[in-house]
Amino acid sequence: VEDNSKDQYTIPCKNACGDFIEIEVLHEDKKYSYKGCIHVREIEAYTTGGCPGGYHLKDNVCLPCSEGEYFPGGVATQCQKCTEGKTSLAGAAAKLSDCAWGLVKIQPESASQSSTYHNLHANLAIDGSLTTFSHTICAHDTLIWFKMFFRAKHCFKSFKMYPSHSDKSTARKRMNGMEVLAIDGGNEKKCGRLDLTGLLAEQHVTLECPTMVCGSLVELRVRSPPSQPEGCIHMYEVESYTVNCPRGHELQISDWSCEACPANTYSAGGETSQCSSCGPGTTTLSGKGNSPGICAVTGEIACRYGHI
406 VEDNSKDQYT
416 IPCKNACGDF
426 IEIEVLHEDK
436 KYSYKGCIHV
446 REIEAYTTGG
456 CPGGYHLKDN
466 VCLPCSEGEY
476 FPGGVATQCQ
486 KCTEGKTSLA
496 GAAAKLSDCA
506 WGLVKIQPES
516 ASQSSTYHNL
526 HANLAIDGSL
536 TTFSHTICAH
546 DTLIWFKMFF
556 RAKHCFKSFK
566 MYPSHSDKST
576 ARKRMNGMEV
586 LAIDGGNEKK
596 CGRLDLTGLL
606 AEQHVTLECP
616 TMVCGSLVEL
626 RVRSPPSQPE
636 GCIHMYEVES
646 YTVNCPRGHE
656 LQISDWSCEA
666 CPANTYSAGG
676 ETSQCSSCGP
686 GTTTLSGKGN
696 SPGICAVTGE
706 IACRYGHI
């Protein structure tokens with residue numbers, strides 16, 4: 406402040422952030438006739454109205470956080486990084502739990518198998534360890550199966566299996582051509598068959614489902630004729646994957662991509678996310694509708710996202 410003739414002063418700031426404010430004055434002997442001091446009736450500090458979730462403040466403008474970042478909104482200027490292995494779309498993540506879009510591993514609650522060899526039970530193939538493995542009894546002309554039970558219905562994109570004894574060709578042939586199916590009640594849908602031909606020790610095989618298969622139960626099946634080695638299932642680990650979309654986006658079944666919901670719609674995100682229309686007289690920006698509550702009357706939308 407240089408002009409001391411006013412009763413009130415407004416000092417604009419640019420990118421001034423912190424948790425305290427300090428006012429200083431220094432009167433050099435030869436420049437000012439009065440000694441320096443501070444005496445005010447009132448001092449007030451102002452900020453903007455803040456930014457919505459997924460946005461941060463820069464030069465008094467709300468800008469979307471970059472891909473792989475999140476922010477709950479407000480007046481801070483720096484977005485936070487998603488944890489390792491997770492990411493987000495630009496401007497779509499308001500909290501850390503929103504950093505989950507993309508390929509996500511789903512952990513089953515339990516597992517069972519058609520028979521058990523030497524106490525190598527089914528749950529050893531879903532315990533997250535590559536030092537333990539499950540093993541059924543081997544047989545000809547018998548349906549050998551392994552089942553994974555999930556807490557809720559999921560739509561699966563792919564499965565990854567780490568077969569044990571993968572360095573032995575006979576052991577590989579026991580499971581080659583094994584089917585993987587998702588079961589929803591009495592409805593079965595096959596993801597595909599596993600090809601273990603040429604698999605070496607310590608390797609895994611990934612099966613991509615050509616179309617979405619959904620259910621709360623996943624079953625692996627193999628049956629070997631007498632002309633082949635006895636069929637059985639033995640695995641270090643088997644993993645199931647889906648695709649999660651962020652809020653304000655829906656899953657495209659054709660290519661498993663996450664697309665922004667159009668204006669006037671919203672979506673809570675997730676693995677089966679779909680966009681729903683806002684109520685009469687309300688709307689939202691494309692890709693920003695995460696719940697019915699985010700839909701606002703048309704005149705409020707630009708203001709809510711810092712566009713006016």
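Residue numbers (my numbering): 406 to 713.
Ideal Cβ positions, reconstructed from N, Cα and C, are used throughout, including at glycine.
For clarity, every value in this text was computed on a predicted model and none was experimentally measured.
Secondary structure at LYS594: strand, using DSSP grouped into helix, strand and coil. When secondary structure is reduced to three states using DSSP, THR575 falls in the helix class.
Beta-bridge partners of GLY533 (DSSP): none assigned. Taking 7 Å as the cut-off, the Cβ atoms of GLY496 and GLY459 count as close.
In this structure, the beta-carbon distance from SER493 to ASP503 falls below 7 Å. By the Cβ neighbour-count rule, ALA530 is buried, with 16 or more other Cβ atoms within 10 Å of its own. Judged by beta-carbon spacing, THR689 lies beyond the 7 Å limit of CYS680, meaning their Cβ atoms are not closer than that value. For the pair CYS663 and CYS650, the CB atoms are nearer than the 7 Å cut-off. Taken atom to atom, the span from the alpha-carbon of ILE588 to that of GLY675 is near 20 Å.
THR616 is positioned such that its CB atom lies no closer than 7 Å to that of PHE561.
For HIS639, the uninterrupted beta strand (DSSP E) segment begins and ends at 639 to 649. Looking only at GLU593, MET580, HIS559, the smallest Cα-Cα distance to SER678 is reached by HIS559. Shown here, MET580 sits in a helix according to DSSP, grouped into three states.
A distance below 8 Å between beta-carbons, with the five flanking residues on each side excluded, links ALA481 to the following residues of its chain, in chain order: CYS422, HIS461, LEU462.
Taking C-beta atoms under 8 Å as the contact rule, PRO513 and MET566 fail to qualify, at a distance of about 14 Å. Burial check for HIS540: the Cβ neighbour count within 10 Å reaches 16 or more, so the residue is buried.
Assignment of ASP503 by DSSP, reduced to helix, strand and coil, places it in the helix class.
LEU612 and PHE564 have their C-alpha atoms spaced approximately 5 Å apart.
Your pair CYS484 and GLU474 checks out as a contact, with CB atoms roughly 4 Å apart and the cut at 8 Å.
If you draw a 10 Å sphere on the C-beta of GLU644, you find 16 or more other C-beta atoms in it, and that means buried.
Counting C-beta atoms within 10 angstroms of its own C-beta, HIS654 has 16 or more neighbours from the protein chains shown and is therefore classed as buried.
Annotation for PHE564: the continuous beta strand (DSSP E) segment containing it runs 549 to 568. Under a 10 Å Cβ-count criterion, HIS444 is classified as exposed, with fewer than 16 other Cβ atoms of the shown protein chains found around its own Cβ. For ARG652, the closest alpha carbon among the candidates ALA576, MET583, SER438, ALA499 is that of ALA499. Taking C-beta atoms under 8 Å as the contact rule, GLY455 and GLY478 qualify, at a distance of about 6 Å. Per DSSP, LEU431 is not a residue of any beta strand (DSSP E), being assigned neither H nor E.
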